[in-house]
Each structure stands twice: as C-alpha cells, then as structure tokens.
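To convert, count from 1 in the sequence shown and add 435; that's our numbering.
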Amino acid sequence: MLRRRDAVIQKGNRLDEPHCFGECSRAMSQPAIFLDRDGTLMEEVNYCKDPALVRLLPGARDALRRLKDAGFVLVIVTNQSGIARGIITNADFDAVQARLLELLGGDLIAGTYMCPDGPAGESGRRKPSPAMVLEAVRDLGLDPARSWFVGDKAADVQCGLAAGTRAVLVRTGHGAGADATGAHFVAKDIASAAEFILTHSGAS
Ligand SMILES: [Mg+2]
C-alpha cells in the first residue's frame, strides 16, 4: 500500500524533484509570504471539495497583490487531511485549488505545497512541521529570515516559527479561538496582516 506521501508524489512529483504544484520560478533568497489557504485566503468550508463553494475572504486578492508588488514571493502551504480521511480526493483538491487561483488571478501565487496526511500516524510534512516551507525555500530560493507565515491556526504559527519565518495569526476561519502563542502579530484578517507586514518589514 502506498504511503500518503507517495500518493502526492504520484501527482508528478518524484522525490528528487520539487514538490511544487503550479508555477514555480527559481531565484536566490527572496523574501516570501507563506499562506495557509482555508480560513486565511478563502472562507473555511470543512474539507472543501466543490469549486463552487470557494469564496475569497474580503480583501484577500488586494492584500496578496500588495505583498507581491512589494517583492514578496507568495506560497500557499496547506494541510488537506480530508484526503487521508477519504472525504476528498486529490482531484477534488486540484479543482478547488484551481478555482481559488482563478479567483485570485493567475500570477499571484508562485507555488502551492499540500500535505494530504491526517493528524493520526506519522507525517513528515503536515503542519506544524516546517517541512513544506523548507521544500519551498529550497525549490524557489527563498529566505526564511525575511519571510512571514500567515494562517488561522496555532499550527500555522508554529510551522512558520519552526522554519525560521515570522508569523501572523489571522482571526478569520478557525482563528477566532486559536492560540496565538509566538505570533508576531494577531490580525483580524489577511488584509490587516498584509498591512502589518508591509509596515514592519521591507522585502528588500
Ligand atoms: Mg486554515
């Protein structure tokens, strides 16, 4: 039986190749914004499998545009345990992700890193592991020390900190009751997070 990780690699990613879905570009040591997806960029729909249910959170597109224009590489880092749980398929994920990218505008996101593992059992990649961020750092030539992780769960904050980025917790999605321990800022939403980041860090 294939391990979960192998199921992802079967999507065209061999172990010795970047685990990047979508458009990846290489450059040296650029600052990045690592973005959780569900509850951070789009409305939380538990185990979303229907592209018709994808709704951008208010201000998300403009916030990402401002961050990209400021020189940040934008990378989505998402846990999708619904795949391990048998609730959604890889094809469902791809369809939802394609709709999200369509709504955001095709050129904003440099890469998407997805972990299909569930919370039970071994996972080397599931957040709060920094593994997916470190894959992106390697694949895209990013500088964690000048980067930020933005997400709506404590696992997002912990993932970013473990990878050497700064972290912002947003109060959208599951963020209302999330533990913000370690976060450099708690924002009401992605727009507020972007405002804080742009004020508190140059991308250069
Ligand atoms: Mg989330």
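Built from N, CA and C at the ideal position, the CB exists for glycine as well.
As the structure is a prediction and not an experimental result, all values here were calculated from the model.
Beta-bridge annotation (DSSP): Phe631 is not paired with any residue. Inter-residue distance for Val489 and Ala628 is about 21 Å (C-alpha atoms, whole angstroms).
Secondary structure of Val480 (DSSP, three-state): coil.
Distance from the C-beta of Thr547 to the nearest heavy atom of ligand 1 is not below 7 Å. Annotation for Ala571: Cys455, Ala467, Phe469, Val510, Val512, Gly546, Tyr548, Leu577 place their beta carbon closer than 8 Å to its own, counting only its chain and skipping 5 residues before and after. Gly617 and Asp587 do not touch by the CB rule: their CB atoms are close to 15 Å apart, not below 8 Å. Assignment of Arg601 by DSSP, reduced to helix, strand and coil, places it in the strand class.
With a threshold of 7 Å, the Cβ atom of Gly521 does not count as near ligand 1, since no heavy atom of the ligand is closer than that.
A distance of 8 Å or more separates the beta carbons of Asn525 and Arg561. Beta-bridge analysis with DSSP links Gln465 to Leu577.
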